[in-house]
Structure formats: C-alpha cells, structure tokens
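Since the structure comes first, as structure tokens, the remarks are kept for the end.
Protein chains: 2
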Amino acid sequence: MTETMNRQVLLASRPVGEPTSDNFRLAETPIPEPGPGEFLARTIYLSIDPYMRGRMSDAKSYAEPVALDGVMTGGTVSEVVASNHPEFAAGDIVFGYLGWQSHAVSDGTGVTKVDPTVAPISTALGVMGMPGLTAYVGLLDIGQPKEGETVVVAAASGAVGSMVGQIAKLKGCRVVGIAGAAEKCAFVRDELCFDACLSHRSDNLPAELAAACPDGIDVYYENVGGKVFDAVLPLMNVGGRIPVCGLVANYNLTELPIDPDRIPPLMRSILVNRLKIQGFIIFDHAHRRAAFEAEMGRWLKDGTVKYREDSVQGLEKAPEALISVLAGRNFGKMVVQVGDDPTEG
Amino acid sequence: MTETMNRQVLLASRPVGEPTSDNFRLAETPIPEPGPGEFLARTIYLSIDPYMRGRMSDAKSYAEPVALDGVMTGGTVSEVVASNHPEFAAGDIVFGYLGWQSHAVSDGTGVTKVDPTVAPISTALGVMGMPGLTAYVGLLDIGQPKEGETVVVAAASGAVGSMVGQIAKLKGCRVVGIAGAAEKCAFVRDELCFDACLSHRSDNLPAELAAACPDGIDVYYENVGGKVFDAVLPLMNVGGRIPVCGLVANYNLTELPIDPDRIPPLMRSILVNRLKIQGFIIFDHAHRRAAFEAEMGRWLKDGTVKYREDSVQGLEKAPEALISVLAGRNFGKMVVQVGDDPTEG
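Respectively, the protein sequence lines represent chains A and L.
First residue of the first sequence? That's 3 in my numbering, and the numbers climb one at a time after it.
First residue of the second sequence? That's 3 in my numbering, and the numbers climb one at a time after it.
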C-alpha cells in the first residue's frame, strides 16, 4: 500500500499476425489522485481474454481499438483504496474494465461490486463474469438446446467452453467437447463430465466427430472457427443453431488461405438444413445478467458446475499470458494476479 | 377433353452444371383412370421454379430427387375432370404438386382448392402460392423488418423478390432491389415502387449498392447468392438479418472457384455485426398459410400489391422455361400454360 507508482502495460505497436512481446511496453506513472465523485482502486486480478487481440488492431470491430501508447483494456477485480464516490468505500471489492495497470481512478461507470461470499473474487472475471454470461446467453438464448439434442463446443476446457458444456449437460443434452492437449481432453471428460472430448490436433477429426455424434449436431457453439467449424458443418442437423461468440483460430490471420472458396457450400448447407448462424456480443445481453448470476451462483455453491483457473503472477506477465491464450496454451480461465488478494487465506 | 394420352416430361439424365434440353425427355402414356377415392385432373398451369434444379440432382437436399425417367416434380393448377373422391368434384380448380404432365390421378394428398374469385387462378403458383408465402414468411418472420430500416432483395422482378420488396415497403422500409436487365430494373422502380433498383451486371455494384443504402442494410433477403451476397455483406448493419431461401446463382456450380477462402471474413462479419443468417424451407411454415392468404388476398384485391407473370404455351416448352429461369432470363413469375383455362374470358 506504500506504492507510489502506477505500473501499466501499453500497446507499443499493432501486431501483424500473432502478437509478440514487442507489441507491448511497460510504463510507470505516478498513482493518480481521485477527484470529486471518483475513487482510486488497486488491481488484484486482471482478466486475459481472446477478444483483446481484436482491440490491438484498428480494423473495424464492435469496440474501439486501444490507441497506440494507450493502456491495454481489460476486465479487472480491484480493491477500492480511496474514495470520493458516494457508492464506493475503501475496502470494497469491485469489478470493472480498469485495464492492464496496477491502479486506476474511476467515476464508477461500468463498475460493480463483487460479493466475496459467493465465490472466490477472481471468478468475477470467469465463471461468474463475462465468460460465464457469454456461455449462458449464447447457449440458452441463441442455441436453445432441447433435451436429448447434441451440443458441440470447442475450446472445451476454456472459460467459455467449459461452461457451455456443463450447462448443456444440465439441460439434458449429449455434449461433445473439442480441446487440444490430452490432459485438457481428460479434464473435460472426467471432471466436467462431457460425454466425449476430441482433440483438434487429430488428423482424423471429421471422422472422430461423426462417431462421437451419432445423431448429428443440433447446436454448435462457435468460439474458435477454423477447422473445427469445417468438421462440424457436414454433421449439422436440420434446424441446427450456431451461436458465434468468437473465432480465436482466425484472430491472428494475416491473409486468407488460397483454397476453394467455401461460401457457396456453406450457404447451401444453411439453406438445405435450415441452419441459424447468429453472432452475438455479450454487451448486448446485459439484461440477462441478474438471471445468470442467480442461477450460476447456485450451481457454483452446490458444486453442480466446476471451473478451472490458470493464473500467473505479476502484471509484467500479462503480454505473455495473452500470447498463450491466443495459441491455446492456457488450461482454464487465464487470470493475472497483479496485487494481493485480501479475501484469501 | 377428347385427349386419350397423358403427355409428360421425364428426367432423362442428371445435369452437370446448367441443365440442357437433353436432360429432359417427352413421353406419352395413356391417361390413367382414377380408382376409388381418387380423381383425375388435367393440368392448366405448371409452375417453373429455381428449386427444381435441386430435384434434378441426387446430392443430399431437403427433398428427394426426381428419379431418372421419372416425371419432373412441379406445382400445378388443374381442373378436376373425373372424381371418385368425396371432396373433389369435376370442374373444381385445384392446386397440387401433380408434376410436369398434362394429366394426373391424385388421392387428394397435398391438393387444395383454388377460389377463382380472389385472383386469376395462375396466381396460386405465384403471388398467392408458394413464392408469395416464401416472400412473406422469410421477410416477416425471419427478417423482421422494422419501420425505417433498409431491406435489400435480389431477383427483384421475380416471383419472390417482387413480393419481398413490396411487403417491405408496406412495413415502412427503404427497399433496394437488384435485378439484371434494364427493363426489369425500370419495372421494379416504376411499377413496384422500390426506392432503387440496381443491375447486378454493373461492374460497380458494391459502390452503387453502398450509395443506394446510405444507412447500411438491415435485412438482406438472400435468394440468389454469388456476387450480390459479396456486395451486401460489407454493408450489413449491426443486428442485421439474412433469411436464406435460395441460391440460384450457385445451383449450376460444378466446382468451387479457387479464390481466397472467404469463410473467415464471413464469420468475422457475423460476429462483429451480430448478424443472423438463417435458412428456411417454406414447407416448415405451413401454419402461416392462412394469415398469408388473408393478407395477400386483400393486398391483391385493393391493388396494393402488383405482380407480373411470364408465361409460355405448351408443356413441351417447360424444359426451356426452367433453363431460362435458372439463367435469370424470365421476367416475372414463370408459368407454363399446359391446357385451356376455363376461368378466362
């Protein structure tokens, strides 16, 4: 608490393809003072998520890019350390988008309090936060799985995929996950209790997926893109639904592969099988947060839903953590611990 | 009425690419006798529709292909000439899928009576029939246009596109059509009163479409595929909807163009703009028929909605008519007059 400098990670340059550590720069500035109606918070946990790759580019997207030399954007769990804001007091644990830095001043916009009695406070970045809500809304509202249907989800050990599959199991579906490493597949099968989990590294994914989905696929929760999508498409049943929340396999693409253009067969499949493919951004579904928090809080407390975190220590590790997430090397929800967690131990 | 032979058009061979007249064969068989619970009908009008291309192939689709040497399937308006069926009497005008032939025996399955007082009976194949319902359901139920939004539809002078645009105008939308020949574009603008109509033959379609849609595109009713889709996609607004009812530009494709694979940018656009792309087949929406018939009947009677037919005389012209439709050479709903229309003049 005697720190005087705010440590930050800035966007030094825009990546071409995979980001490297050269795209980031560490900086220090004096810790700011909160003005009237503001508070100062110190970061405890910083969330690392695939969408951050998009913010590093200046291509048109659903959100403004991070400016060059600007602080990287990111969700945070923080402790209020000084406050001139009537609704926040020193000692409060809060969730917000306070960025890749050790301290931040906020006027409270987009900041919510975290109840440390529901679950460990880091879960406000994962299962109880944006990834959990993304899984919940995309699967239930757009995917609309029915009992007995088959649901496929990739990145199945990740923050979103692990929740999609577990919620689909609760709804009575057959659930097939796709992950990379063998230990992730084992976790998905044995701990999360999916019906099957395949590796996207297999040379034989299309045939293995067909065998794991003997009744075809009714819902494919699309959060990776690339060759998993290619293996899924021929197996989609009539009336199938494909919620699209992310395309991490494509985020680092710099040019399109020269291949047969597959839009015609994709569109034909959409037509013949009456598929619905629908993109969504979680910020459009804030009205579902209360229902989500109540239900997910219950599932967590009674142990119905399990989650896994992959955490690294120290803000300076954040760039490497994002590079890992984009390459699929994390195992569980990636969180950077930036400061002490006062609720621990 | 003294005919003794049933004239038929059979599928002689499956086309590779564009169908040719060699894929069809004329045949004659004795006019069949209706058995108990059956009736004999003579064909007055035969509908020619793009979906028929799909039935000529044996690729997996939403309906069984026509068998080799089988009678081509098709919607018909017919007159009952002899009946052992309690619900159909000689002289009744009926709609059914009685195929490319001058006579057919039916047990009444899928056959409905046509009321000749609502509109000319040939409209049971067009504006009051399957194409009209396809326009109505796809636009209203899947596209869900709101007042002030921009709706784009291709094949705008055709049976489906002309209805999509007119219904969208009734809902208060800005409507931009895309057609081929200049006379079709003029008809769409001047007779159907679309706000604009562009030619897909223009070298400059993307820029012209952008200029015609200054507020972007909210609903693209996809019934052609190909380069119109390519021009539309970059203009889709956040939350845009793309009902997919046909892909006539692709139906004759024999191989995929070797081009950059555009699935990654398509999926990115779906994600970033939260698009919904949904295929549909009109046979899944039969429950909407009553509402459609009531509303469309009213619009036709009071002149709110206009339609255009392109008719040819004689069953033997049906193959050529289908080849024309697939090439976009028809102008309005294509109908083959196979026999005398007793309700005319």
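Yeah, the Cβ is synthetic: ideal placement off N, Cα and C, and Gly gets one too.
Being a predicted model, the structure only gives us computed values, none of them experimental.
Beta-bridge partners of L/Arg44, as assigned by DSSP:
For L/Arg44, the pairing in a beta bridge is given by DSSP as L/Glu81, L/His105.
With DSSP as the reference, label A/Leu13 as helix, strand or coil.
Here DSSP, grouped into helix, strand and coil, assigns A/Leu13 to strand.
Can you name the start and end residues of the beta strand (DSSP E) that A/Glu311 belongs to?
Note, A/Glu311: beta strand (DSSP E), 311 to 315.
Beta-carbon proximity check, A/Ala320 vs A/Val338, cutoff 8 Å
Contact: yes.
Quick check: is the beta carbon of L/Gly281 nearer than 8 Å to any beta carbon in chain A?
It does: the Cβ of L/Gly281 has a partner Cβ on chain A nearer than 8 Å.
Cβ shell of A/Gly305 (< 7 Å), same chain only, five flanking positions each side left out:
Excluding residues up to 5 positions away in sequence, nothing lies with its Cβ nearer than 7 Å to the Cβ of A/Gly305 in the same chain.
Taking DSSP's pairing of strands, which residues face L/Gln339 in a bridge?
Beta-bridge partners of L/Gln339 (DSSP): L/Tyr47, L/Gln315.
Nearest by alpha-carbon distance to A/Ile279: which of A/Ser15, A/Gly341, A/Met238 is it?
For the residues A/Ser15, A/Gly341, A/Met238, the minimum Cα distance to A/Ile279 belongs to A/Met238.
Please compile the residues from chain L whose C-beta is within a distance smaller than 8 Å of the C-beta of A/Ile284.
Result: empty, since nearest Cβ-Cβ is about 11 Å, beyond 8 Å.
Using a Cβ-Cβ cut-off of 8 Å, state whether L/Ile265 counts as contacting chain A.
Nearest CB-CB separation between L/Ile265 and chain A: below the 8 Å threshold.
Quick one: list the residues of chain L neighbouring A/Met74, beta-carbon separation under 8 Å, in chain order.
What A/Met74 touches in chain L: nothing, since even the nearest Cβ is about 20 Å away.
Grouping DSSP H, G and I as helix and E and B as strand, with all else coil, what is L/Cys187?
Helix, per DSSP.
What span of residues does the beta strand (DSSP E) with L/Gln146 cover, start to end?
Premise fails: L/Gln146 is in no beta strand (DSSP E) and is neither H nor E.
Would you kindly work out how many angstroms separate the C-alpha atoms of L/Ala43 and L/Gly98, rounded to a whole number?
The alpha-carbon atoms of L/Ala43 and L/Gly98 are separated by roughly 10 Å.
What's the C-alpha gap between A/Phe196 and A/Gly179?
The straight-line gap from Cα to Cα measures roughly 7 Å.
L/Gly150, DSSP secondary structure in three states:
Coil.
Best match in A/Asn275, A/Ser85, A/Val139, A/Gly77 for proximity to A/Asp286 [C-alpha to C-alpha]
The candidate whose alpha carbon is nearest that of A/Asp286 is A/Val139.
C-beta contact flag for A/Val162 and A/Lys171 at 8 Å
Cβ atoms of A/Val162 and A/Lys171: not closer than 8 Å.
So what does L/Asn8 bridge to, in DSSP terms?
L/Asn8 pairs with L/Thr31.
Please confirm if L/Gly140 has its CB atom under 8 Å from at least one CB of chain A.
Answer no: the Cβ-Cβ gap between L/Gly140 and chain A never drops below 8 Å.
Which residue or residues does DSSP assign as beta-bridge partners of L/Gln168?
None, per the DSSP bridge assignment.
Is the distance from the Cβ of L/Met130 to the Cβ of L/Leu324 below 8 Å?
No, these two residues do not count as a Cβ contact at 8 Å.
Out of A/Arg310, A/Lys303, A/Phe41, A/Ser108, point me to the one whose CA is closest to A/Pro118's CA.
The residue among A/Arg310, A/Lys303, A/Phe41, A/Ser108 with its C-alpha nearest the C-alpha of A/Pro118 is A/Lys303.
Within a Cβ cutoff of 7 Å, which residues of the same chain sit near A/Lys173, ignoring the five residues on either side of it in sequence?
Answer for A/Lys173: Pro147, Glu149, listed in chain order.
What does the Cβ neighbour count give for A/Thr6, buried or exposed, with the cut at 16 atoms within 10 Å?
Here A/Thr6 is exposed. Its C-beta has fewer than 16 other C-beta atoms within 10 Å.
Go ahead and label L/Lys335 buried or exposed: buried means 16 or more other beta carbons lie within 10 angstroms of its beta carbon, across all protein chains shown.
Classification of L/Lys335: buried, given that the 10 Å Cβ count is 16 or more.
Flag this pair as touching only if the region 107 to 123 of chain A and the region 88 to 97 of chain A have three or more C-beta atom pairs under 8 Å; answer yes or no.
The region 107 to 123 of chain A vs the region 88 to 97 of chain A: in contact.
Start and end of the beta strand (DSSP E) containing A/Ser201?
Here the beta strand (DSSP E) through A/Ser201 covers 198 to 201.
Rounded distance between the beta-carbons of A/Val221 and A/Val274, thought under 8 Å:
Incorrect: roughly 18 Å between the Cβ atoms, too far for contact.
With DSSP as the reference, please indicate the residues paired to L/Glu224 in a beta bridge.
Paired residues: L/Val246.
Please report whether the beta-carbon of L/Arg9 lies at a distance below 8 Å from any beta-carbon of chain A.
Output row for L/Arg9: interface = no.
Using the C-alpha atoms, what's the distance from L/Val120 back to L/Asp51?
Taking the straight line from one Cα to the other gives about 23 Å.
For A/Val230, I'd like the list of residues in its chain whose CB is within less than 6 Å of its CB, leaving aside the five on either flank, ordered along the chain.
Short of 6 Å from the beta carbon of A/Val230, and not among the five residues preceding or following it, lie these beta carbons of its own chain, in chain order: Ala156, Ile180, His202.
Spatially closest choice to L/Val79 from L/Thr22, L/Ala212, L/Tyr47, by CA coordinates:
If we check each option's Cα against that of L/Val79, L/Tyr47 comes out closest.
Which term fits L/Leu100, buried or exposed, when burial requires 16 or more other beta carbons within 10 angstroms of its beta carbon?
Buried.
Cβ of L/Asn332 within 8 Å of any chain A Cβ:
False, the Cβ-Cβ gap to chain A never drops below 8 Å.
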